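Residue numbers (the working numbering), protein chains in the order written: chain A, 1 to 309; chain B, 1 to 482. We treat Cβ as the ideally placed atom computed from N, Cα and C, and that holds for glycine. Values in this document were obtained by computation on a predicted structure and should not be read as measured data.
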């Protein structure tokens, strides 16, 4: 029994060492903790995020199972688009993730979009009215660093990844990038881990290359559902955006793909299992009256003033 | 032995002598002579065309160098510089020592320079050209000017000629003459110049560069070459600046570092801060990015004088440190981050955007510098669907045929790829903003959201109308949807 305990101790020490090298939390080997909050209602926080809440559930059961709970939040995540013309879907998927992160964040910190000038001129700049409409990200929240050279963009991204002031950092690169090798991505990953902030690496139009990112998602567009208007679907309408997310690489190495549909009202993804299924959110067929500071008052009893004689 | 040199320039449609060297002067040449005459008289003379721009550049770099004596340096015509040394002379060991030092250093650089020092710009101008390099004491202007020719008064050539024609050749001749007849005959300019030289009328000299409210400088006995040494000096000088800024209750918004190289070249590096700062470590951080971006510093033989100036200052509100470490919602670290990026990669490197009230998609967003301040008010969400990425310029697409003349296209070719439109929403008509100028008859745009077979969603528009007199409408792709 004594030898068994010693062996267990040694195995645990080795596992902890492996976890340290791999930059993982050692408790992934332990039985999972049921709840992050303790019994007396105390919630531990580290760097503004609740301790233990290090994953962002995507909303698709199979994806979440393959990703062991969801996308890691304090890590580098690679999001891959096969072609430049898919840049809308790739950017939309990433910004949707950012919006979901911001929804739970205690402080609405800005997010930084670092891009090489080539990526922005080929696929377009993030457009503030669209971001506000689709993801609820205000214009002041999204900072854009338009850097011509990849070396400088990497420097900016590295500096930003180490800051806790950003809610998320996005680095967009187009085509093959020799400078963005295993070492460079490992540095980004380490900094994101230390700052406990998500870092999204967007790759447009290039083959997947070896990186240090624990998760790689391959995102391509999917046909949108139809809008639901007055409890029926409007034929031929283009509903909320849908994405086909495929796991290219993960810890568990389980292949999985799912069609995710972004719900703007709930600020969350929904998995669409049946392609004929319609969309959940109502869309903007009728004008939305969101964020109005002074809504119109209710009609009073007196509707018209009596004429003064 | 060099041949005699003559600089020529074009004056009233003829090539004339602009400047001559000593040898040419010995030959009897003088300014204003025709070049053809010079060639005929002395074929061995070398004639060079004047380059006013190059002369100006040389004078500008010399003015840069003169910044070491005073921040108030101004141009005096095309061949001179005014240095306002009010309150600076004691730093260089008195006026005479300063004048000697200036003359010696200019001679060491290979310039043939004449220097003069007086209480008024006009007198100093005359002293530099006609007197020995000795300061003219305040009050002695009249005495010093009397024996000088009238050219010492910075007069127009026409006035000078007419004065000469009546026998007035020196300043003395007009100094005690009755003033009204002089003014009547030769114009008010003559008396103004005289009064300016004597100090009866103030003359303002406008400095070439804005004057920094605060600056610290170091004269170095041993020139520094290495970047590390320069950074160490920046840190020390920023510490001195910090004390002054604390006393004034201000922080620096913009800083400039001037490096005076031994051979007279002056380098200036500027950094801006989005929030007032005074910490030497932060100042050094910004300058380190600037120096890194510069790469090779081109120190040459080294820098002998380094100056750190606060170009713009703003009120500094000291804030109480938070007991709880961690997130600071005011975004001070983000402001510093943005400053560092701007110092290294230029002011346009990091931008936030703000919504503008405009119907045209490309005008609905303005790019603004990021200050790190939290957003003041969030405007209303746009009611209409807008793309999440907008192309820098609308890209033309080929549309063979639309289903109905006013409807969306059935397929289109963008960047040489054919897309089949499965679904479309629209049109949303956006007319040009005629009240902001522009052409009246510019066609309207009809925007459609279209989705192709694979689910890509695009924003395309038809520029113009079918059957309109302006011709067949063209189609453009303007943005990508999520």
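- Within the segment 338-405 of chain B, the complete beta strand (DSSP E) segments at least 3 residues long are 350-355, 365-369, 389-399, listed from N- to C-terminus.
- Within the same chain, 154 come within 7 Å of residue 184 of chain A by CB-CB distance, once the 5 residues on both sides are set aside.
- Counting of Cβ neighbours within 10 angstroms places residue 270 of chain A among the buried residues, the total reaching 16 or more.
- Only exposed fits residue 6 of chain A, as fewer than 16 other CB atoms lie within 10 angstroms of its CB.
- By the Cβ test, the segment 198-210 of chain B is not in contact with the segment 155-164 of chain B, since fewer than three Cβ pairs between them sit closer than 8 Å.
- Contact check for residue 92 of chain A and residue 343 of chain B: beta-carbon distance about 33 Å, past the 8 Å limit, so the pair fails to qualify.
- At a cut-off of 8 Å between beta-carbon atoms, residue 398 of chain B makes no contact with chain A.
- The beta carbon of residue 189 of chain A sits closer than 8 Å to those of 23, 75, 76, 199, 212, 213, 214, all from its chain and outside the five residues before and after it, given in chain order.
- Taking the C-beta atoms as reference points, residue 287 of chain B is found nearer than 8 Å to residue 234 of chain B.
- Minimum Cα-Cα distance from residue 345 of chain B among the listed residues B/40, B/362, B/256, B/292 corresponds to B/292.
- Scanning the segment 219-259 of chain A from its first residue to its last, the whole beta strand (DSSP E) runs of 3-plus residues come out as 242-249.
- Pairing residue 167 of chain A with residue 204 of chain A, the inter-Cα distance amounts to about 23 Å.
- Along the segment 69-90 of chain A, the positions whose C-beta sits under 9 Å from a C-beta of chain B are 84, 85, 86, 87, 88, 89, read in chain order.
- Between the segment 111-122 of chain A and the segment 231-244 of chain A, the count of C-beta pairs closer than 8 Å stays below three; the two stretches do not touch.
- In the pairwise beta carbon analysis, the segment 62-80 of chain B is classified as not touching the segment 34-45 of chain B: fewer than three pairs are separated by under 8 Å.
- Non-local beta-carbon contacts of residue 182 of chain B in its own chain, meaning distances under 7 Å to residues more than five positions away in sequence, involve 174, 190, 191 in chain order.
- Taking a beta-carbon distance threshold of 8 Å, residue 317 of chain B does not count as an interface residue toward chain A.
- Rounded to whole angstroms, the gap between the alpha carbons of residue 365 of chain B and residue 125 of chain A is 11 Å.
- When the Cα atoms are used, residue 56 of chain B and residue 163 of chain B turn out to be separated by approximately 32 Å.
- Residues of chain B whose Cβ lies closer than 9 Å to the Cβ of residue 101 of chain A do not exist, since the nearest Cβ in that chain is about 15 Å away.
- Against residue 237 of chain A, the close residues of chain B are 423, 425, in the order they occur along the chain (beta-carbon pairs closer than 9 Å).
- Under the criterion of beta carbons closer than 8 Å, residue 251 of chain B and residue 186 of chain B do not qualify as touching, at roughly 55 Å.
- The contact set of residue 457 of chain B on chain A, defined by CB atoms closer than 8 Å, consists of 88, 221, 224, 238, 241 in chain order.
- Residues 122, 153, 154, 155 of the same chain have their beta carbon placed closer than 7 Å to that of residue 193 of chain B, with the five preceding and five following residues left out of the count.
- Residue burial is scored here from C-beta neighbours: residue 193 of chain A has at least 16 other C-beta atoms within 10 angstroms and is therefore classed as buried.
- Look at residue 206 of chain A here: in three-state DSSP terms it is coil, with no helix or strand label.
- Its chain contains no residue whose beta carbon lies nearer than 6 Å to that of residue 298 of chain B once the 5 sequence neighbours on both sides are disregarded.
- Within chain A, the C-beta atoms nearer than 8 Å to that of residue 449 of chain B come from 238, in chain order.
- Separation of residue 351 of chain B and residue 368 of chain B (C-alpha to C-alpha, rounded to the nearest whole angstrom) is 6 Å.
- Three or more pairs of CB atoms, one per stretch, sit closer than 8 Å, so the segment 394-403 of chain B contacts the segment 412-419 of chain B.
- At a beta-carbon threshold of 9 Å, none of the residues of chain B lie near residue 173 of chain A; the nearest stands roughly 16 Å away.
- Against chain A, a Cβ distance below 8 Å from residue 389 of chain B picks out 87, 88, 91, 123, 124, 125, 126, 127, 130.
- Residue 112 of chain B counts as exposed, since fewer than 16 other beta carbons sit within 10 angstroms of its beta carbon.
- By the CB criterion at 8 Å, residue 54 of chain A and residue 219 of chain A fall outside the cutoff.
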